[in-house]
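These notes are about the structure you will find just below.
Protein chains in written order, with our numbering: chain F, 11 to 515; chain P, 5 to 1031.
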């Protein structure tokens, strides 16, 4: 694998790939042909972008923001990538900016892969902004290189891109990245074409490029002229490897990206049955396979699609949605057990299928052996999942306290698992004199006020000017004519009107 | 007379409990007075920083001020301590010092045991108890402060207040302690609640909507009306406040402190010893005896010093200066008292009183109750030695630096308030950086709108409101640049001392203005780069000529030196080297020392804003008659041809022409320094203008004087400082004129300092026929050095200090190992000097290895292949074949030179493009002198300076440098707007415009600006010649 070098694409675990078979070392002409399409404006395609305004995407570098990419309008005003944001504002006062979103770019690139998949199954991502397609076997189908290229060009009408073809992916990318739209089939001519490319535009690290420039080395050609041992000793073997891959001296392997990989298994039941017990045994087997699948891809999932087939055309769906993604068959099974208990099957089941449509990169649960709280939390989580499995997702929620002096804002509903109470809030709340029940809307009590007997001093509550809900109230505990204890307030912002806000039990 | 009960507020947190209190001490005091309180205490947490301001305000409005402080012990016990007399104040101050010195900067720590071992006896204690407080704490306090402890009862309308009140009552009974009403005040008016919440957000570094219970539940912590207080507290509790206030009878006016006495030998009084030292000094200065006028002057001064008992102050400064002189550290005093005859005799200043008689009117004056002011500048690299001497000699308990209260400025205010209101980081940066605050707060809304923010947005409105209040709020204490307070006794009994950010530095909790308000003295020990450079010049000249110059022996009033100044040939010279000064020199044509004093003072915001510059020039050039609005004013303004230039003159005019009392005039002087931050000049304006009109002066004159006062704001520039600076300007000009090699060498060895970068200093020296030799690992020392040459001036060899990234250790090792013979090659250098890769690369980048490794590219290739020896293994030897590397092109070398040493000895970069520039009709900068006024001209050059002076409403000044010199460009606001991009972005700029010549000063008024920076970065187009 080609992991050492800086230009090596980064992979996230969620990707499912196989390797394009490396060409045998001594292949001469009939090998791979790589087509690279580079989308330099990908980062600017952010939906929030205001059209017609100078726009730039910025990124954080150390303590400052710098321009990552700029639209044409912004560029025409002198804004260039790498420029500090302040300098950019000095040039263009109405510049609109957005933080760079690498996830967005990755998603966008994956989308483009789907369109590219039309031409070849062997596509590799070259993050952040390019696709590499191995097209040797597609040439015939599309009627030759020129026609293929035309087809590819027509596929992405809404994008600016540059397109190049070379015998190695590194070379194809170098060309496209530098806007050199060339088609090179012959390996022997690679060096002469790539030689002109400036090192600064090769994706090598800045540090390396700077080091090389100090010896007067600015282009790839400058490097090819030097003794290999001297170069390796000074700048590392990985630099040589990079040069060799570009020129097809060393194999250049890429992981092929396969969009939308799914997992699907099924099991015919030997005995057609509606026994939960038997179904669970069957599902257990499928889930083990699923776990294996997920493990092999270093992934997990929060959705299982199970279908219980009664005959070839009718089935009972049994979708399982988890609060937190997982991959252990055992965990899945415990939840399915609960669900099955509450499921009435119309017929016996003859076949069971299990499908996973979407996976997530695996995240380690906190593996602290001694952290009791974590395991408590897990118990709680499993319990609530069980309850949810039984009565349905929508019917269960929590009440959560919120740190806010305004009583009506001091709590809220939330779905289970989303609570995050801090202890500070809890301690504070304990010191407050608060009723057990709060009216959803405070009731005016102009008429009843005279009959109330106040039994506490005023508690003044002010706050909320920052969210435009500034309140200013004096709260009292009062005893009503019927002897119940009321929590009432006088609204100092609104003519001192009186309201009932809660009841003490 | 109202029938409400009397009240004194005893627990008040001002904004000197940083980011807690939401009102200035002055505001609190004034509001308490307005509300009819009998007294108010300022009790900031473990701090007395705000009390002097409160004291001044309380005196002005006539309310009693109580000095105190709130403290929280490590175990949570909280109380307020109030000083009752001078002794208890001293103990409180000592306790605060102890707690502060015990913790990091800005924090304090006080354990119960420490509190018990040094209780501030005599103080009143208010125990800030709550429902969790324990009886034993009350008993403990009562035992420690018998009959002096009260329990504070603070009613803030909180939840469950009755439970709290009951509990306090219980405590009171159980502990047998009386209760007293308190406000727990954090702001003077309830409107400040919004600000108080914001301060909390800033303090906790969270946006407001996430603060929750970290905010106060309501805004009751303000100074409440007595009516309201009467409804909240029982009469008994209110009466106790008055009882306590009547026990507190300490005023800051009682503070007196004495300068150290140990400098006076036995058998002498301070006065007799000062006289002795002065006479000794006079004999040295005037071996043939001083002239009569000087003698009279000395007598006059000594008498005045004795009368005001300032002898110890002068002796203390003398002692510091004596120490510096013994160590060979150059120093020079300035300030009102510094340029006195006595100080000249004592060696505090080199400004000779017989040189001009005009300076000494404003010595210390009997009428103005104003302490003498002596600042002493020392060589900037050796100031620390002086500071350490002071600490060592007087001891840490007797000396500390004055504080500087760092306050919110526009940018920091927008940033912090913006963050609190939940603006994202990017927005906050944008808001704070892209706005020009000097346009004034009233234009803020418009400015925000211009930058794409909606001015009507409520959040922006809040931001603007809050920012305008928070500006000027203190944020933290920092150390004053060099103001030392030295006391005869324990300084911490006078004012608390705390740790500064620098280790082993301590600061008092008051700043310069506070000290002045109380009439306390300080000595400013400042660092000045030019003094280092002058001393180093003297050393260098002695080294190659054998003659030792001193400040005193440099020939005075040399016409050659003034001729040089008049040509504005002053790069590197002290003060008169800036662009503005340079453009004034040919107009003002200084021809003697006093002209220089004026030259230095006139190019400042004060005279410029007061429109005093042109009248002075006209009168000096005899284009306008010199006249005076009155005889009294003539006395003041005669020496400046009727135009007020110095701060002293303006103050005197305020007294003579507008009827200010000396005290008012002094108040005005202080408000001047602060008005930009705090405002508050308006009442003076009315008084000044009215006063002058009433005395028959024209209103225009009055208004010009006031404008000038406003201009002095940030940089009030008195004659007494200018006189000292003029001396240094003269000495450095003399050195530049007669010893340019040594002077440039000394400047390079004192960097960073001054207005110009090394490249410009070196270029200037080359223009004056000094040969500059490159950094060379075989000859260079750490510092730049002088080497024999064939010309009149020695050659200047650049030192290893110029090499960016080279460690001092590496450089020292190179110099040391070279004693055993030159280095044979890179391997030899690496081994003998034990250099690491970083040092080697730095040397290669600086082209310092030419003699052992060939050109830069080769050198770099070689050093990057070196593998240094380790403890176990010797350095490996490699036999590599000859490598074909391109010889660096001229342009590459120039760029690499700049990147490493900040200068090049090759051609000026612009020279490389001269042919191309000729093609587009660009003149070399020097050719501009051949053009006449109004000519169309084009110049090109590297942008070496862009300035937007606050005094020049939107105009931007640009200095371009080409191989022939500098060109000064003026860009009017319209052009700035239209061509902003080229103006701000360009490194190589071509300017088309018209020539403007005024008294030999040449400017190009820009019409069009073209950015040719692209020419500079053409590294990749290259020829293919191997070497």
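Heads up, the beta-carbon is just placed ideally off N, CA and C, and yes, glycines get one too.
1) Counting only the same chain and skipping the five closest in sequence on each side, list residues whose C-beta sits under 8 Å from that of residue 357 (chain F).
2) Taking residue 563 (chain P) as part of the alpha helix (DSSP H), name the residues at either end of that continuous run.
3) If the cut is a Cβ gap below 8 Å, which residues of chain F does residue 829 (chain P) touch?
4) Tell me the DSSP bridge mates of residue 277 (chain F)?
5) Output yes if chain F places a C-beta closer than 8 Å to the C-beta of residue 865 (chain P); else output no.
6) Please report how far the alpha carbon of residue 932 (chain P) lies from the alpha carbon of residue 897 (chain P), in whole angstroms.
7) Just to confirm the assignment, what range does the alpha helix (DSSP H) spanning residue 76 (chain P) have?
8) Beta-carbon within less than 6 Å of residue 169 (chain F)'s beta-carbon, same chain only, minus the 5 sequence neighbours each way: which residues are those?
9) The ligand MG and residue 208 (chain P): does the residue's C-beta get closer than 7 Å to at least one heavy atom of that ligand?
10) Suppose you measure from the CA of residue 108 (chain F) to the CA of residue 66 (chain F); what does that come to, to the nearest Å?
11) Would you say residue 88 (chain F) reaches chain P, if we count a Cβ-Cβ gap shorter than 8 Å as a contact?
12) Is the separation between the beta-carbon of residue 999 (chain P) and that of residue 976 (chain P) shorter than 8 Å?
13) Would you tell me roughly how many angstroms separate the C-alpha atoms of residue 509 (chain P) and residue 483 (chain P), rounded to the nearest one?
14) Are the C-beta of residue 106 (chain P) and some C-beta of chain F separated by less than 8 Å?
15) Counting along the chain, where does the alpha helix (DSSP H) carrying residue 295 (chain F) start and finish?
16) Closer than 7 Å by beta-carbon distance: list the chain P residues that pair up with residue 315 (chain F), in chain order.
17) Can residue 168 (chain P) and residue 192 (chain P) be called in contact, C-beta distance under 8 Å?
18) Taking residue 242 (chain P) as the reference, which of P:41, P:423 and P:698 has the closest Cα?
19) Which stretch, first to last residue, makes up the alpha helix (DSSP H) that contains residue 202 (chain P)?
20) Using DSSP with H/G/I as helix, E/B as strand and the rest coil, what is residue 486 (chain P)?
21) Using CA coordinates, which residue listed in F:148, F:116, F:153 and F:483 is at the minimum distance from residue 502 (chain F)?
22) Using a Cβ-Cβ distance under 8 Å, would residue 516 (chain F) count as near chain P?
23) If you measure from the beta carbon of residue 163 (chain P) to each beta carbon in chain F, is any gap under 8 Å?
24) For residue 617 (chain P), which residues in the same chain have their Cβ closer than 7 Å to its Cβ, ignoring the five residues on either side in sequence?
25) My guess is that residue 204 (chain F) and residue 181 (chain F) are in contact by the Cβ rule of under 8 Å, so how many angstroms apart are they, rounded?
26) According to the Cβ coordinates, are residue 381 (chain P) and residue 413 (chain P) closer than 8 Å?
27) Taking just the CA atoms, how far does residue 859 (chain P) sit from residue 835 (chain P)?
28) Measuring straight from C-alpha to C-alpha, what distance separates residue 23 (chain P) and residue 172 (chain P)?
29) What span of residues does the beta strand (DSSP E) with residue 1007 (chain P) cover, start to end?
30) Taking the Cβ atom as the reference point for each residue, do residue 317 (chain F) and residue 328 (chain F) lie within a distance shorter than 8 Å?
31) Counting only the same chain and skipping the five closest in sequence on each side, list residues whose C-beta sits under 7 Å from that of residue 810 (chain P).
32) Spell out a yes or no on whether the stretch 195-212 of chain F and the stretch 237-257 of chain F are touching, meaning 3 or more CB-CB pairs, one atom from each, closer than 8 Å.
33) Could you spell out where the alpha helix (DSSP H) holding residue 611 (chain P) opens and where it closes?
34) Could you say which of P:349, P:388, P:777 and P:773 lies nearest to residue 742 (chain P) if we only look at CA atoms?
35) Rounded to whole angstroms, how far is the Cβ of residue 162 (chain F) from the Cβ of residue 43 (chain F), which I believe are closer than 8 Å?
36) What residue range is occupied by the uninterrupted alpha helix (DSSP H) comprising residue 186 (chain P)?
If we stick to the structure as given:
1) For the purposes of this step, residue 357 (chain F) is identified with residue 347 of the first chain, where counting begins at 1. Excluding positions up to five away in sequence, the list reads 284, 320, 321 and 324.
2) In the second chain, counting from the first residue as 1, residue 563 (chain P) sits at position 559. For residue 563 (chain P), the enclosing alpha helix (DSSP H) stretches over residues 563-570.
3) By one-based count along the second chain, residue 829 (chain P) stands at place 825. Those do not exist, as residue 829 (chain P) stays about 16 Å from chain F at its closest Cβ, beyond 8 Å.
4) As a first step, residue 277 (chain F) must be located in the first chain, where it is residue number 267. According to DSSP, which records beta bridges pairwise, residue 277 (chain F) is partnered with F:362.
5) Here the question's residue 865 (chain P) lines up with position 861 in the second chain. Closer than 8 Å to some Cβ of chain F, the Cβ of residue 865 (chain P) qualifies, so yes.
6) Here residue 932 (chain P) corresponds to residue number 928 of the second chain, with the count starting at 1. Here residue 897 (chain P) corresponds to residue number 893 of the second chain, with the count starting at 1. If I take the Cα positions, the gap works out to 29 Å.
7) Translated into the one-based positions of the second chain, residue 76 (chain P) becomes position 72. For residue 76 (chain P), no alpha helix (DSSP H) run applies; the uninterrupted beta strand (DSSP E) run containing it begins and ends at 68-76, by DSSP.
8) For the purposes of this step, residue 169 (chain F) is taken as the residue at position 159 of the first chain. These residues qualify, in order along the chain: 49.
9) Ligands displayed in this structure: none; no statement on the ligand MG is therefore possible.
10) If you number the first chain from 1, residue 108 (chain F) lands on position 98. If you number the first chain from 1, residue 66 (chain F) lands on position 56. Rounded to whole angstroms, residue 108 (chain F) to residue 66 (chain F) spans 7 Å at the Cα level.
11) Your numbering for residue 88 (chain F) matches position 78 in the first chain. At least one chain P Cβ lies under 8 Å of residue 88 (chain F).
12) Along the second chain, read from residue 1 onward, the residue named residue 999 (chain P) stands at position 995. Along the second chain, read from residue 1 onward, the residue named residue 976 (chain P) stands at position 972. No; because the gap between Cβ atoms is not below 8 Å, this pair is not in contact.
13) Numbered from its first residue, the second chain carries residue 509 (chain P) at position 505. Numbered from its first residue, the second chain carries residue 483 (chain P) at position 479. Rounded to the nearest whole angstrom, the CA to CA distance from residue 509 (chain P) to residue 483 (chain P) is 8 Å.
14) Taking the second chain and counting its residues from 1, the one referred to as residue 106 (chain P) is at position 102. Proximity of residue 106 (chain P) to chain F, defined by a Cβ-Cβ separation below 8 Å, is not satisfied.
15) Looking up residue 295 (chain F) in the first chain gives position 285. Secondary structure note for residue 295 (chain F): its alpha helix (DSSP H) is the uninterrupted segment 286-306.
16) Residue 315 (chain F) sits at position 305 when you count from the first residue of the first chain. Within chain P, no C-beta atom comes nearer than 7 Å to that of residue 315 (chain F); the closest sits roughly 40 Å away.
17) For the purposes of this step, residue 168 (chain P) is taken as the residue at position 164 of the second chain. For the purposes of this step, residue 192 (chain P) is taken as the residue at position 188 of the second chain. No, these two residues do not count as a Cβ contact at 8 Å.
18) By 1-based counting over the second chain, the position of residue 242 (chain P) is 238. With distances taken between Cα atoms, residue 242 (chain P) lies closest to P:41.
19) Locating residue 202 (chain P) in the second chain gives position 198, where the first residue counts as 1. That run of the alpha helix (DSSP H) goes 197-208.
20) One-based indexing of the second chain puts residue 486 (chain P) at position 482. Residue 486 (chain P) falls in the strand class under three-state DSSP.
21) For the purposes of this step, residue 502 (chain F) is taken as residue 492 along the first chain, with counting starting at 1. Selected option, being the one with the closest Cα: F:483.
22) Any property of residue 516 (chain F) remains undetermined from this structure, which presents chain F solely from 11 to 515.
23) Stepping through the second chain from its first residue, residue 163 (chain P) is reached at position 159. At a cut-off of 8 Å between beta-carbon atoms, residue 163 (chain P) makes contact with chain F.
24) The residue labelled residue 617 (chain P) in the question sits at position 613 within the second chain. If we look at residue 617 (chain P) and ignore the five residues flanking it on each side, its Cβ neighbours are 606 and 611.
25) Here the question's residue 204 (chain F) lines up with position 194 in the first chain. Here the question's residue 181 (chain F) lines up with position 171 in the first chain. Sure, about 6 Å apart at Cβ, within 8 Å.
26) Start at 1 with the first residue of the second chain, and residue 381 (chain P) comes out as number 377. Start at 1 with the first residue of the second chain, and residue 413 (chain P) comes out as number 409. Cβ distance not < 8 Å, so residue 381 (chain P) and residue 413 (chain P) don't count as in contact.
27) On the second chain, position 831 is the one that residue 835 (chain P) refers to. On the second chain, position 855 is the one that residue 859 (chain P) refers to. Computed Cα separation, rounded: 21 Å.
28) The residue given as residue 23 (chain P) occupies position 19 in the second chain. The residue given as residue 172 (chain P) occupies position 168 in the second chain. Approximately 29 Å, taken between the alpha carbons.
29) Your numbering for residue 1007 (chain P) matches position 1003 in the second chain. Here the beta strand (DSSP E) through residue 1007 (chain P) covers 1005-1015.
30) Stepping through the first chain from its first residue, residue 317 (chain F) is reached at position 307. Stepping through the first chain from its first residue, residue 328 (chain F) is reached at position 318. The answer is yes: Cβ separation under 8 Å.
31) Position 806 of the second chain holds residue 810 (chain P). So the qualifying residues of the chain are 804, 843, 846 and 847.
32) Yes, they touch.
33) Along the second chain, one-based indexing puts residue 611 (chain P) at 607. Residues 609-613.
34) As a working note, residue 742 (chain P) is residue 738 in the second chain. Nearest option by C-alpha distance: P:773.
35) Position 152 of the first chain holds residue 162 (chain F). Position 33 of the first chain holds residue 43 (chain F). The C-beta separation of residue 162 (chain F) from residue 43 (chain F) comes to about 13 Å, leaving the pair out of contact by the 8 Å criterion.
36) Within the second chain, the letter at position 182 stands for residue 186 (chain P). For residue 186 (chain P), no alpha helix (DSSP H) segment is defined; the enclosing uninterrupted segment is the beta strand (DSSP E) at 183-186.
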